[in-house]
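Numbering (UniProt numbering), first residue to last: 1 to 912.
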């Protein structure tokens with residue numbers, strides 16, 4: 001959870017930064033409802049109103065009474081809403097509703113939103129200017145997947161203390177596609193539009209957060225600050241550079257996000273590198289994703305003399321980027337931490353497929369650590385010696401070293417007579433107008449097998465002039481001086497309003513660390529969407545190893561006699577989940593034990609084991625918050641009905657209302673809490689299946705063209721049995737034929753010679769296998785068109801023995817489902833001693849009761865048995881005892897077992 005802060009004696013939880021837009025949206029929606037945002041629904045209006053009421057109740061305590069204060073409260077919200085509307089009315093380009101669209105979805109949302117009709121895509125995909133030469137060649141490849149964006153003459157108007165001022169911004173970008181041109185083409189077409197939009201919106205947001213406003217100059221604020229014709233407000237040169245850098249990073253983020261959405265919708269499997277250089281006021285910043293390069297060729301003087309007795313000149317290369325290849329130590333570490341691997345035969349590749357470790361797109365490899373986050377070379381000054389900027393795809397560097405590129409440029413343009421001599425051997429380098437052609441053709445002629453693209457930002461090289469145009473340079477004959485920007489208005493009242501809104505943003509307990517935007521993401525796509533969405537940047541998948549072995553969570557797994565290990569285990573008996581309860585937020589200890597038995601590959605079971613704890617945490621926490629809001633609303637309605645029948649002194653609750661409040665709190669803390677956890681587990685299992693199905697279809701579309709290939713070659717699936725332990729109770733959810741057992745002490749059968757009694761551990765099966773033997777399972781399969789063949793074991797469509805499973809995508813249309821069968825919450829008794837969760841391989845050779853017998857023999861150190869079962873001598877190896885015994889008795893399957901001693905784990909009623 002985010003750190004807590006204290007205000008007015010109350011503890012509040014700090015929210016993500018995106019909550020400001022959510023709070024603003026809530027206030028605006030309460031005050032002018034559908035007039036300000038026609039997409040608002042009645043539900044969102046009620047949620048906003050209730051959230052605001054709870055906020056003021058928590059801040060003011062008993063001083064705030066909803067019934068008596070509603071009118072005044074509504075007036076306050078109306079005033080704030082009218083203020084927001086005033087900004088909206090006065091700013092045709094950047095209205096409040098358009099700003100909200102930007103906060104929710106970045107540049108793509110603005111360009112798509114009806115709230116932002118003035119913003120649209122430009123008709124240009126890239127600009128070729130006199131000072132931006134580029135060349136691109138398909139080369140020896142069957143398709144051209146490189147794309148270029150270049151504009152060195154972008155004039156962006158910023159608003160300074162002396163009025164508007166145009167700043168020249170240069171952009172040079174190369175996008176090298178792979179697996180198709182979709183990603184690189186989208187990047188090149190959208191880059192300039194996204195970048196300019198981010199510059200505008202980030203500048204406005206920065207101005208709003210740093211300035212104030214009063215009633216006297218509100219008109220000036222609206223007409224001057226937020227009118228794009230006047231300029232973009234910035235507070236100084238440093239702020240301007242910061243806005244431009246952040247706009248660059250946000251642009252690359254939005255391109256990857258938007259393409260990922262398109263990829264899921266259309267089945268694209270392509271990706272792209274992206275290397276972008278910004279040139280502003282004699283400085284440059286470079287962002288790189290993948291292995292395209294940016295080089296700077298700078299003039300240096302050699303000690304040796306030329307033909308005329310003058311020192312000779314060279315162009316010395318400086319690489320501005322570092323390739324993102326999976327053999328880099330830091331890149332490899334990230335890939336492996338995410339569960340991917342680096343194939344090191346020949347060219348190092350992520351999972352044997354992708355030769356770069358960072359890329360735009362490549363959505364099917366994102367979960368294995370392939371990142372779209374660019375590596376940034378921050379702002380640095382250009383000098384008078386910096387003559388050529390080159391941005392090029394990696395195909396150039398298959399046959400040319402970076403220094404070779406600078407040498408080519410020098411040979412082509414340093415002296416006319418030298419250029420004429422070189423033209424005899426290098427026709428492509430005979431004139432300065434074809435410098436990129438020179439680079440591309442030279443690489444092609446030397447045997448490069450890739451697409452080839454290069455940009456060269458140059459003028460004629462002269463020892464006394466700057467190679468790059470003067471307006472982008474420092475240290476030249478023309479020196480640009482820094483400009484201090486400031487707003488020509490004084491602002492007071494707005495600063496106070498924003499301060500109040502800011503305090504509320506960081507103090508809203510009803511938001512519970514979950515922004516409204518993130519909640520909407522959850523409602524639409526549940527846990528997988530939360531971890532993918534930029535609106536939920538505080539939620540990230542855990543980097544922990546999925547097999548969480550604690551002192552009281554014993555597990556053992558072995559490949560057995562199979563060629564591959566497809567079983568996976570997740571076990572954490574000490575999960576602390578923050579749930580809203582009687583005293584506010586309470587950390588509830590939850591034990592989670594899960595076994596996933598994979599088949600036809602480990603992909604499904606491995607994904608399930610890695611996601612189950614994270615997905616369960618998300619569903620439980622957000623479910624608790626949503627339930628708290630719902631109960632709070634019901635409680636307020638109940639209080640209102642009671643108080644209408646009884647005359648009360650102001651702010652004094654009745655006995656009936658206090659009784660009802662206490663009852664609701666007890667319900668929330670007990671039955672509702674375990675109900676939330678149950679629902680969270682069911683949703684977790686369904687989301688894992690959905691995520692695996694989505695990933696499977698996307699992955700398979702990259703390698704296979706036919707359904708028959710899909711059904712025959714990659715149809716992995718998994719069982720799932722998950723047990724929850726909370727407050728002396730247990731719940732089990734099951735998909736497939738793995739099992740969960742309880743071993744409970746019963747009266748002793750006999751006594752030893754010394755009079756000591758030997759207890760008997762009786763088995764209780766908490767799960768039922770899902771196979772065609774069960775009438776209701778068979779009926780569903782047959783109703784869906786599946787065929788059950790009755791051999792030694794009944795199988796579906798001739799080969800599959802289970803009627804429920806995660807994955808197994810080809811069989812879903814024949815009635816195989818992933819819905820878990822739930823053994824609902826039941827209290828653990830004092831004699832419930834052990835919980836066992838195991839894969840079906842254990843039960844090939846051991847009956848469930850024999851499993852409990854093994855535990856009894858090991859725990860109570862039956863000396864007669866110990867001679868035969870040497871693995872069962874020590875209580876710390878109970879899981880090992882079960883697995884080894886099943887193997888010795890002939891089980892041919894993978895073998896996995898988890899044993900939880902309920903008493904020592906503090907889950908039994910005596911210790912809970």
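Ideal Cβ placement from N, Cα and C applies to all residues, glycine included.
For residue 554, there is no enclosing alpha helix (DSSP H); the enclosing beta strand (DSSP E) has its first and last residue at 554-558. Counting along the chain, the unbroken alpha helix (DSSP H) around residue 531 starts and ends at 516-532. For residue 373, there is no enclosing alpha helix (DSSP H), since its DSSP letter is neither H nor E. When C-beta atoms of the segment 684-694 are compared with those of the segment 557-571, fewer than three pairs fall below 8 angstroms, so the two segments do not count as touching.
In the structure shown, the three-state DSSP call for residue 580 is strand. With respect to the C-alpha of residue 190, the residue from 152, 147, 178 and 153 having the closest C-alpha is 147. Between residue 810 and the set 826, 693, 887 and 253, the nearest pair of CA atoms involves 693. The C-beta distance from residue 891 to residue 815 rounds to 29 angstroms, too long to meet the 8 angstroms contact threshold.
Judged by DSSP secondary structure, residue 99 falls within the alpha helix (DSSP H) whose first and last residues are 96-112. Collapsing the DSSP output to three states places residue 574 in a strand. Excluding residues up to 5 positions away in sequence, 789 and 801 lie with their Cβ nearer than 6 angstroms to the Cβ of residue 795 in the same chain. Minimum Cα-Cα distance from residue 674 among the listed residues 340, 580, 168 and 764 corresponds to 580. Judged by beta-carbon spacing, residue 896 lies within the 9 angstroms limit of residue 568, meaning their Cβ atoms are closer than that value. Excluding five sequence positions before and after residue 245, the CB atoms of its chain that fall closer than 6 angstroms to its own CB belong to 285, given in chain order.
In this structure residue 521 is buried. Its beta-carbon is surrounded by 16 or more other beta-carbon atoms within 10 angstroms. Our two residues, residue 747 and residue 828, have alpha carbons roughly 18 angstroms apart in a direct line. Around the Cβ of residue 102, a 10 Å sphere holds 16 or more other Cβ atoms; the residue is buried. Burial is judged here by how many other beta carbons sit within 10 angstroms of a residue's own beta carbon; residue 894 has at least 16 and is buried. DSSP, reduced to helix, strand and coil, places residue 827 within a strand of the structure shown. With a cutoff of 9 angstroms on beta-carbon distance, residue 722 and residue 848 are scored as not near each other. For residue 814, the secondary structure class from DSSP, reduced to helix, strand or coil, is helix. Nearest to residue 397 by alpha-carbon distance, out of 555, 380, 447 and 337, is 447. Distance from the CA atom of residue 324 to the CA atom of residue 523, rounded to whole angstroms, is 36 angstroms. Across the set 806, 785, 155 and 852, the C-alpha of 852 shows the shortest separation from the C-alpha of residue 765. A Cβ-Cβ distance of about 16 angstroms is found for the pair residue 340 and residue 361, leaving them out of contact under the 8 angstroms criterion.
By the 16-neighbour rule on beta-carbons within 10 angstroms, residue 118 is exposed. For residue 354 against residue 133, the beta-carbon gap comes to about 31 angstroms, at or over 8 angstroms, which does not count as contact. The beta carbon of residue 371 sits closer than 6 angstroms to the beta carbons of 358 from its chain, once the five residues preceding and following it are set aside; these are given in chain order. For the pair residue 777 and residue 519, the Cα-to-Cα distance works out to about 36 angstroms. The three-state secondary structure of residue 628, taken from DSSP, is helix. With fewer than 16 other beta carbons inside 10 angstroms of its own, residue 347 counts as exposed. The C-alpha of residue 772 lies about 39 angstroms from the C-alpha of residue 540. With a cutoff of 9 angstroms on beta-carbon distance, residue 614 and residue 605 are scored as not near each other.
Residue pairing of residue 790 in beta bridges, as defined by DSSP: 794.
The closest CA to that of residue 808, considering only 677, 277 and 718, is found on 718.
Between residue 182 and residue 263, the alpha-carbon positions lie close to 9 angstroms from each other.
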